[in-house]
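First residue of the sequence shown: 655, per this note's numbering; consecutive thereafter.
Working notes, beginning with the structure itself.
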Amino acid sequence: MTIFLSEVETFCLCSATVVEKNCTFDFVVRSTPIGISICLVENSYEEEWLPVKIETYLKVNAGMFPDEEAKEDFRKQLNSETGWMLDKQGENAGSLVQRAMRISEYEAFQTVEKNIPRKMRKDLTDISLEDESNQVPTSLFGKRPSHLM
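The following block contains the structure:
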């Protein structure tokens, strides 16, 4: 007799819309047992951009940057005011599509990051997928100029 065990991977998904300095930004937040990802979405959710700290990108992809000069060239080419970049996700026909993250995009990203629902931050095996209270937590709407919709 053969017994096959399979662990079902649970994930949570939510979307967030942030108004920051009269601009509207949409995000998709995914939570799996291995972590949380927040992607800026554009063109009716057809394009996803993953925010990445530039220095983290340089460390993770050290093989692409053989020396400090190559790293500095990459930083100059991006010309990021925030120290963050956006990495386009999905099928890019084998090419990397990256751009600097604008200040307003970064501020909107921070708003989403600070307001990820608690259920998505917990160990997902301990949560139910339905919220018993069906109420929006008041912490989602701070008295800051940026807010979630």
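The beta carbon of each residue, even a glycine, is placed where N, CA and C say it ideally should be.
Buried is the label assigned to residue 672, since at least 16 other Cβ atoms lie within 10 Å of its Cβ.
When the beta-carbon positions are compared, residue 670 and residue 766 come within less than 8 angstroms of each other.
Annotation for residue 705: 692, 694, 738, 740, 755, 763 place their beta carbon closer than 7 angstroms to its own, counting only its chain and skipping 5 residues before and after. Excluding sequence positions up to five before and after residue 678, its CB lies within less than 7 angstroms of the CB of 671, all in the same chain and listed in chain order. Pairing residue 726 with residue 743, the inter-Cα distance amounts to about 24 angstroms.
Relative to the Cα of residue 675, the nearest Cα in the group 761, 768, 710 belongs to 761.
DSSP, reduced to helix, strand and coil, places residue 743 outside both helices and strands of the structure shown, so it counts as coil.
For residue 714, the uninterrupted alpha helix (DSSP H) segment begins and ends at 708-714. For residue 750, there is no enclosing beta strand (DSSP E), as DSSP gives it neither H nor E.
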